[in-house]
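Enquirer: Next up is a structure, given as structure tokens.
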Amino acid sequence: MLSFITACKEGKADIMFVLDESSSVGQKHFGTMKSFVENVATNLPVGSDSVHVGLLKYGFGVYEEFDLNTYQDPSSLKNAIEEVGYEGGMTNTHKALDYLRTNSFTAAKGDREDAPNIAILITDGKSFDKEKTKETAERLKAAGVTVFSIGVENAVQEELEDIASKPSSEYVFYAENFSGLDEIKEHISADICNICDSVAGFDSVMMLPKLAPATVVHVKILEYVSATVQTIFAIVHLDTKAKTVQKKKIHAKATHAKTEEIVHMITTHTIAHVRRDLKVLIVQKVGLQY
């Protein structure tokens with residue numbers, strides 16, 4: 001049997017939290033949203049060369065509390081989140097999504113070319129302009145941003161799905177009330193960790209049974225490994241514009257020599273959705289010894 005073993009490591013990502021501060025949220029529930037952000041953000045490997053976090057809120061307009069460049073240690077970040085105030089207003093979700101694309105995820109605001117971009121939006125209701133929300137969300141995702149949408153209470157499922165990346169089952173979350181955010185935080189944290197890992201890399205092992213060379217099973221295993229590598233190779237070339245993939249050659253080699261039990265698949269860069277959906281890793285170098 002073949003199996004993959006992966007280890008979560010410190011990684012790199014540029015993450016923007018986006019909070020709905022419309023009048024329907026209220027001061028108390030806005031505080032609950034802030035606690036959610038604090039719990040998720042301060043449990044990430046925040047640092048100058050790892051995870052950077054920014055935060056903006058939206059109501060009548062968009063208000064940036066701090067950008068990706070501002071805080072690079074967990075303590076300062078925690079204090080900054082606690083200081084975020086509540087203003088009230090409308091649910092101009094489209095303005096927040098457009099601001100992310102045109103401002104937040106730019107070099108001037110701390111965006112890094114070698115870090116995946118992640119947006120986590122929390123809202124409690126229907127957006128002011130449904131069509132503009134959908135349009136700006138599509139442009140944001142087309143720019144390479146992974147978007148999570150979290151709906152609370154009266155949030156509209158269709159809009160949450162329009163905002164978030166695909167598949168919706170992985171990027172859309174819903175809580176019946178604000179206290180339910182506490183149950184979501186672990187799932188969101190795990191998903192963010194997966195994306196951060198895609199840059200940190202994995203030390204992965206493919207376990208092979210010890211077989212004599214040239215047996216039918218031995219040949220089938222080689223064919224399987226070769227096909228897997230070629231599939232990954234093709235995916236990389238189809239997604240060369242993705243920020244999380246460095247423009248490096250990917251070498252795949254399978255040689256027939258003496259039998260060994262373990263094949264090391266050493267990776268440095270991958271795409272998070274490939275890891276989740278295909279359960280395989282982008283391979284920088286594969287060496288098979290038989």
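The sequence shown begins at 1 in UniProt numbering and counts up by one.
We put the beta carbon where it would ideally sit given N, CA and C, even for glycine.
(1) Would DSSP call residue 127 helix, strand or coil?
(2) Once DSSP output is grouped into helix, strand and coil, what is the label at residue 20?
(3) Can you list, in chain order, the residues of its chain whose CB lies under 6 Å from that of residue 33, leaving out five sequence neighbours each side?
(4) Give every residue of the same chain whose Cβ lies closer than 6 Å to the Cβ of residue 64, excluding the five residues on either side of it in the sequence, and list them in chain order.
(5) Under a three-way DSSP split, which group does residue 161 fall into?
(6) Just to confirm my understanding: we take residue 78, look at its own chain, exclude 5 residues before and 5 after, and list those with CB closer than 7 Å. What are they?
(7) Can you name the start and end residues of the beta strand (DSSP E) that residue 55 belongs to?
(8) Can you give, in chain order, each stretch of the alpha helix (DSSP H) that sits fully within the region 79–111 and has at least 4 residues?
(9) Excluding five sequence neighbours on each side, which residues of the same chain lie with their C-beta closer than 7 Å to the C-beta of residue 112?
(10) Among 140, 141 and 23, which has the Cα closest to the Cα of residue 59?
(11) Within 10 angstroms of the Cβ of residue 73, are there 16 or more other Cβ atoms? Answer buried if so, exposed if not.
(12) Opposite residue 64 in the DSSP bridges: which residues?
(13) What three-state label does DSSP hand residue 115 in the structure shown?
Expert: Checking against the coordinates, here is how it stands:
(1) coil
(2) Strand, per DSSP.
(3) 19 and 122
(4) 56
(5) Residue 161 falls in the helix class under three-state DSSP.
(6) 38 and 42
(7) 51–58
(8) 93–99
(9) 14
(10) The shortest Cα separation from residue 59 among 140, 141 and 23 belongs to 23.
(11) exposed
(12) 56
(13) coil
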